[in-house]
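Below: the structure, in structure tokens.
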Amino acid sequence: MKSLARCAAIAALSLIALPGVAQTLSYLGQQIVPTSAMFRGVPVGGLSSIDYVPATGRYLAICDDRSDLAPARFYELSLDLSQFRRSATPGEAGVSWVNMTTILDLDGKPFARNRVDPESLRLDTKRNLIYWSNEGARTSGGMQNPTVRRMHPDGRPAGEFPVPAYYNPSGSAGGLAAGDMGVYNNLAFESIAITPDSKTLWTIVENGLAQDSPPTAVGRGSRTRMLAFDLDTGKAGAEYVYEVGPVPFPPARAGDFATNGVPDMLALSDHEFILIERAYAVGAATPGVAALTRQPTSNTIKLYLVDTRGATDVAGWPTLKGRDVVPVKRTLLLDLSSLKNDDGSVLAVDNIEGLTFGPMFEGKRTLILASDNNFNPAQFTQFIALVIDGPLP
Numbered sequence: 024m025k026s027l028a029r030c031a032a033i034a035a036l037s038l039i040a041l042p043g044v045a046q047t048l049s050y051l052g053q054q055i056v057p058t059s060a061m062f063r064g065v066p067v068g069g070l071s072s073i074d075y076v077p078a079t080g081r082y083l084a085i086c087d088d089r090s091d092l093a094p095a096r097f098y099e100l101s102l103d104l105s106q107f108r109r110s111a112t113p114g115e116a117g118v119s120w121v122n123m124t125t126i127l128d129l130d131g132k133p134f135a136r137n138r139v140d141p142e143s144l145r146l147d148t149k150r151n152l153i154y155w156s157n158e159g160a161r162t163s164g165g166m167q168n169p170t171v172r173r174m175h176p177d178g179r180p181a182g183e184f185p186v187p188a189y190y191n192p193s194g195s196a197g198g199l200a201a202g203d204m205g206v207y208n209n210l211a212f213e214s215i216a217i218t219p220d221s222k223t224l225w226t227i228v229e230n231g232l233a234q235d236s237p238p239t240a241v242g243r244g245s246r247t248r249m250l251a252f253d254l255d256t257g258k259a260g261a262e263y264v265y266e267v268g269p270v271p272f273p274p275a276r277a278g279d280f281a282t283n284g285v286p287d288m289l290a291l292s293d294h295e296f297i298l299i300e301r302a303y304a305v306g307a308a309t310p311g312v313a314a315l316t317r318q319p320t321s322n323t324i325k326l327y328l329v330d331t332r333g334a335t336d337v338a339g340w341p342t343l344k345g346r347d348v349v350p351v352k353r354t355l356l357l358d359l360s361s362l363k364n365d366d367g368s369v370l371a372v373d374n375i376e377g378l379t380f381g382p383m384f385e386g387k388r389t390l391i392l393a394s395d396n397n398f399n400p401a402q403f404t405q406f407i408a409l410v411i412d413g414p415l416p
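Under my numbering, the residues of the sequence shown are numbered 24 to 416, in order.
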């Protein structure tokens with residue numbers, strides 16, 4: 024059998040030559056864990072974020088279960104990249120579940136049902152703390168503010184960052200009425216990134232705030248905000264506008280659900296980031312067909328390079344309306360629908376929500392992506408490994 028390094032070289036995809044970023048990304052392989060998988064008597068899934076821990080060679084992955092199937096939690100797992108395959112049915116060899124930790128609220132207790140929506144986490148090795156985001160809620164049943172918090176590696180709380188008040192949902196449940204403010208439901212803080220110097224934490228709203236921009240749709244993007252926090256003082260800092268692209272494929276039936284948003288980001292420097300744009304449209308005819316279900320995956324996953332230099336700092340602006348704003352620079356790095364398996368089939372991508380640097384593999388750095396299966400039998404937990412060919416910042 025061909026070595027994985029040779030397969031990766033064959034699959035290399037040329038990128039736009041940009042200073043300080045990788046010149047190519049190669050598809051190393053994938054592994055898929057079925058939704059029926061269990062760990063310690065709890066269904067495995069809902070992986071909304073993943074972070075590599077070099078000291079252990081393992082990964083942390085937060086689960087976005089709202090304390091429904093089990094208390095809010097994150098997993099520790101290992102991935103053996105030598106067992107990843109460029110196959111539509113790769114199996115799950117090399118994926119091992121190591122530990123599961125309950126996330127505790129500010130009172131040190133497990134979250135009650137539907138009182139939290141964990142979406143992202145990053146380990147700060149300098150301070151031995153985990154930062155994580157809670158998306159909050161905007162529903163007819165009530166409003167919950169989005170939060171960014173710290174916790175100890177054992178899940179105990181270690182404080183909360185002061186999110187500006189204009190992110191908090193108020194007004195109608197839909198967020199589209201006059202005077203509505205704050206995040207849309209299920210479109211808030213899905214990401215956490217820590218700069219390499221461990222000085223700054225960044226998060227981004229998946230779509231715009233109600234007072235800034237409507238949510239994405241077919242033919243319509245959304246103006247969302249990147250928000251920084253100083254890790255020494257905990258105070259909110261710079262804010263920049265990121266323009267999320269329109270939904271690229273229409274749903275199978277007009278009026279069915281369709282969205283595009285930013286579920287995760289990775290800091291390359293104090294001003295450069297890699298972001299995921301993850302689009303979904305019910306029954307959309309996207310290129311990939313999942314071998315597990317023989318159905319279109321209905322997802323479109325793209326990686327973008329973002330550079331904040333020259334962008335307008337909108338910190339403290341309750342609304343963007345009527346203001347001149349220069350957004351951050353956004354450049355396409357990779358459309359995952361361009362990746363193919365060894366048999367020529369297009370890589371079918373599920374609901375990719377997690378992104379992290381991985382370990383070195385045969386002398387090159389890797390990027391690891393993870394999917395959130397929504398605990399839906401028609402979906403799957405997917406890990407995709409990409410090889411970085413070229414210089415990094």
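Even glycine gets a Cβ: it sits at the ideal position worked out from N, Cα and C.
Spell out the partners DSSP gives residue i in its beta bridges.
i, result
"aspartate 287", "Ile299"
"leucine 100", "Tyr82 and Trp120"
"lysine 352", "Asp330"
"lysine 387", "Phe384"
"glutamate 266", "Arg246"
"tyrosine 50", "Leu409"
"isoleucine 215", "Bridge partners of isoleucine 215: none, in fact."
"leucine 144", "Trp155"
"threonine 404", "Val56"
"phenylalanine 252", "Leu224 and Ala259"
So, helix, strand or coil for residue i, using DSSP?
i, result
"alanine 32", "In this prediction, alanine 32 has a pLDDT of 34, which is less than 50 and means its spatial position is unreliable; nothing more can be read from the coordinates."
"serine 500", "Because the chain here runs from 24 to 416, residue 500 falls outside it and cannot be looked at."
"serine 90", "coil"
"serine 105", "helix"
"alanine 196", "coil"
"tyrosine 190", "helix"
"histidine 221", "Sequence check: residue 221 is serine here, not histidine. In the structure shown, serine 221 sits in coil (DSSP, three-state: anything other than H, G, I, E or B)."
"phenylalanine 272", "coil"
"valine 65", "strand"
"glycine 413", "coil"
"aspartate 130", "coil"
"arginine 138", "coil"
"threonine 226", "strand"
"glycine 367", "coil"
"proline 180", "strand"
"tyrosine 207", "coil"
"proline 57", "strand"
"glutamate 115", "coil"
"asparagine 322", "strand"
What does a CB cutoff of less than 6 Å around residue i pick up in its chain, not counting 5 residues either side in sequence?
i, result
"valine 67", "Ala60"
"phenylalanine 184", "Val171, Phe252 and Gly257"
"leucine 460", "Since the first residue of the chain shown is 24 and the last is 416, residue 460 is not available in this structure."
"glycine 178", "Thr124, Thr125, Ile126 and Leu127"
"valine 349", "Ala334 and Thr335"
"valine 168", "Note on residue identity: the sequence assigns asparagine, not valine, to residue 168. Taken in chain order, the residues that qualify are Gly159 and Asn191."
Taking the straight line between their C-alpha atoms, what separation do you get for residue i and residue j?
i, j, result
"threonine 323", "alanine 304", "9 Å"
"aspartate 87", "proline 286", "12 Å"
"threonine 226", "glutamate 262", "10 Å"
"threonine 239", "phenylalanine 272", "12 Å"
"alanine 401", "alanine 200", "35 Å"
"arginine 81", "aspartate 347", "45 Å"
"leucine 152", "leucine 254", "11 Å"
"arginine 332", "arginine 150", "28 Å"
"asparagine 399", "glycine 69", "9 Å"
"phenylalanine 62", "glycine 117", "15 Å"
"leucine 357", "glutamate 300", "11 Å"
"serine 105", "aspartate 140", "34 Å"
"aspartate 279", "arginine 89", "25 Å"
Just to confirm, is the Cβ distance from residue i to residue j under 7 Å?
i, j, result
"phenylalanine 212", "serine 156", "yes"
"asparagine 397", "threonine 404", "no"
"isoleucine 288", "serine 214", "Position check: residue 288 holds methionine in this sequence, whereas isoleucine was assumed. Yes."
"glycine 284", "asparagine 209", "no"
"tyrosine 207", "glycine 198", "yes"
"arginine 173", "glycine 182", "yes"
"phenylalanine 296", "valine 329", "yes"
"valine 337", "serine 49", "no"
"isoleucine 85", "serine 72", "yes"
"proline 57", "leucine 129", "no"
"aspartate 74", "leucine 146", "yes"
"leucine 362", "tyrosine 327", "no"
"alanine 93", "valine 121", "no"
"alanine 290", "alanine 216", "yes"
Excluding the 5 residues preceding and the 5 following residue i in the sequence, name in chain order all residues of the same chain whose CB lies nearer than 7 Å to its CB.
i, result
"serine 195", "Asp203"
"valine 270", "Thr239, Ala240, Val241, Ala281, Thr282, Asn283, Ala302 and Ala304"
"glutamate 266", "Gly244, Arg246, Pro350 and Arg353"
"alanine 188", "none"
"serine 321", "Tyr303, Ala304, Val305, Gly306, Ala307 and Thr309"
Does the CB of residue i have a neighbour CB from chain D at under 7 Å?
i, result
"aspartate 255", "No chain D appears in the structure shown, which is made up of a single protein chain."
Excluding five sequence neighbours on each side, which residues of the same chain lie with their C-beta closer than 8 Å to the C-beta of residue i?
i, result
"glutamine 53", "Phe107, Arg108, Arg109, Ser110, Pro113, Leu370, Gln405, Phe406, Ile407 and Ala408"
"serine 360", "Thr309, Pro310, Gly311, Thr323, Ile324, Val369, Leu370 and Val372"
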